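Residue numbering for the sequence shown follows numbering that gives the first Met the number 0, beginning at 0 and increasing consecutively. Cβ atoms here follow ideal geometry from the backbone N, Cα and C, with glycine treated the same way. A quick note: this is a predicted structure, and the numbers were derived from the prediction, not measured.
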Amino acid sequence: MLRKQLEEHFKQDMTDRKPIIRAEVERYLAEGAGDEEEEEEEEEDDDDAPARGSGMGSWLSEPLQAFLGVESLPRTQVVKRLWEYIKANNLQDPKDKRKILLDDKLKTLFTSPLTMFTMNSQLSKHVKVYDGDDEEPKAKSAKRPASKAGKEKPKKVKTEMDEEKRKKNAFTKPVRLSPELAALTGKESMGRPEVTSFFWAYVKEKGLKDPANGQFIICDAALKKITGEERFKGFGFMKYFAPHMLKD
0 MLRKQLEEHF KQDMTDRKPI IRAEVERYLA EGAGDEEEEE EEEEDDDDAP ARGSGMGSWL
60 SEPLQAFLGV ESLPRTQVVK RLWEYIKANN LQDPKDKRKI LLDDKLKTLF TSPLTMFTMN
120 SQLSKHVKVY DGDDEEPKAK SAKRPASKAG KEKPKKVKTE MDEEKRKKNA FTKPVRLSPE
180 LAALTGKESM GRPEVTSFFW AYVKEKGLKD PANGQFIICD AALKKITGEE RFKGFGFMKY
240 FAPHMLKD
């Protein structure tokens, strides 16, 4: 039973909150049903369309990029890092741990009231799933017969998609690395997603997360040459790495 699981997780009795839990679950299921209907319409138009929620990665909004320090990340990892931040900064309401307290950083992403049930719906505007084969972000759009008055609309959509593709190509295009970063990665050129993947794999392999606060990275000699710091926040690593990614 969901209520029992929530009681076990939050270590408190939720008998008096049964109506709230039921209402939230029903709302969630209703939203999910709407998403499935839209997805079925898309699949009818394109049988080869990738599955919704693909693990290939996601486009992130500018506020979410600034918060996480990365430009692309699977949605599951976005949620995981948000909860790591919330727990590390004690942002769960002590009186009701389902409620999230918004600090200045979270206010750039969410609006109050925010709960563990509503976070997913608020997060949707900051995350767009894309597939690695067609290299285009997926966006939901209602499919209606084109009218004479709306003939110019496809051109606008195409222009927007071309702009998205141009941005993505610039984002993924390999760039020349500084001697310091090349020495660290073993490559002379890499794209931003490659650098991001390398950084987190390197931190994990070397065990560089601060045991006192997992948000921070303790620099070894190689990272210190890149960042000039003894310790820095992992989610903001790109501000240290970007100057070492050279544009010809």
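For Ser120, the uninterrupted alpha helix (DSSP H) segment begins and ends at 118-122. Arg191 and Glu179 have their C-alpha atoms some 16 angstroms from each other. Secondary structure at Phe231: strand, using DSSP grouped into helix, strand and coil.
Considered as a whole, the segment 48-103 harbours 61-67, 74-87 as its complete alpha helix (DSSP H) runs of no fewer than 4 residues, in chain order. For Leu245, same chain residues with a beta-carbon under 8 angstroms away, outside a window of 5 residues either side, are Val174, Arg175, Leu176, Ser177 in chain order.
The beta carbon of Lys232 sits closer than 8 angstroms to the beta carbons of Gly68, Gln214, Phe215, Ile216 from its chain, once the five residues preceding and following it are set aside; these are given in chain order.
Check the Cα spacing between Arg21 and each of Lys3, Glu7, Gln11: the tightest is with Lys3.
Ranked by Cα distance from Lys205, the first of Leu222, Asn212, Val194 is Leu222. Sixteen is the threshold: when 16 or more other Cβ atoms of the shown chains lie within 10 Å of the Cβ of Ile99, as they do, the residue is buried. Secondary structure of Ser111 (DSSP, three-state): coil.
As the crow flies, the alpha-carbon of Ser123 is around 11 angstroms from that of Ser57. In this structure, the alpha-carbon of Met115 lies about 14 angstroms from that of Pro93. In this structure, Phe240 lies near Val194, with their beta-carbon atoms less than 8 angstroms apart. Sorting Met237, Phe197, Glu6, Phe236 by C-alpha distance to the C-alpha of Lys96 places Glu6 at the top.
Bridge pairing for Lys208: Ile216 [DSSP].
Scanning its chain for C-beta atoms nearer than 6 angstroms, with the 5 sequence neighbours on each side dropped, one finds around Ala181 the residues Glu187, in chain order. Across the set Leu113, Lys203, Asp209, the C-alpha of Asp209 shows the shortest separation from the C-alpha of Glu229. Excluding the 5 residues flanking it on each side, Ser60 has same chain C-beta neighbours closer than 6 angstroms at His125, in chain order. Rounded to the nearest angstrom, the Cβ distance from Leu72 to Leu90 is 20 angstroms, too far for a contact under 8 angstroms. In this structure, Asn119 keeps its C-beta atom at 8 angstroms or more from the C-beta atom of Asp102. For Arg175, the enclosing beta strand (DSSP E) stretches over residues 174-176. Taking Gly185 as reference, the option from Tyr201, Thr171, Lys172 with the minimal CA-CA separation is Tyr201. Judged by beta-carbon spacing, Gln64 lies within the 8 angstroms limit of Glu70, meaning their Cβ atoms are closer than that value. With at least 16 other beta carbons inside 10 angstroms of its own, Ile85 counts as buried. Taking C-beta separations shorter than 7 angstroms and ignoring five residues to either side along the sequence, the partners of Leu108 in its chain run Pro62, Leu63, Phe66, His125, following chain order.
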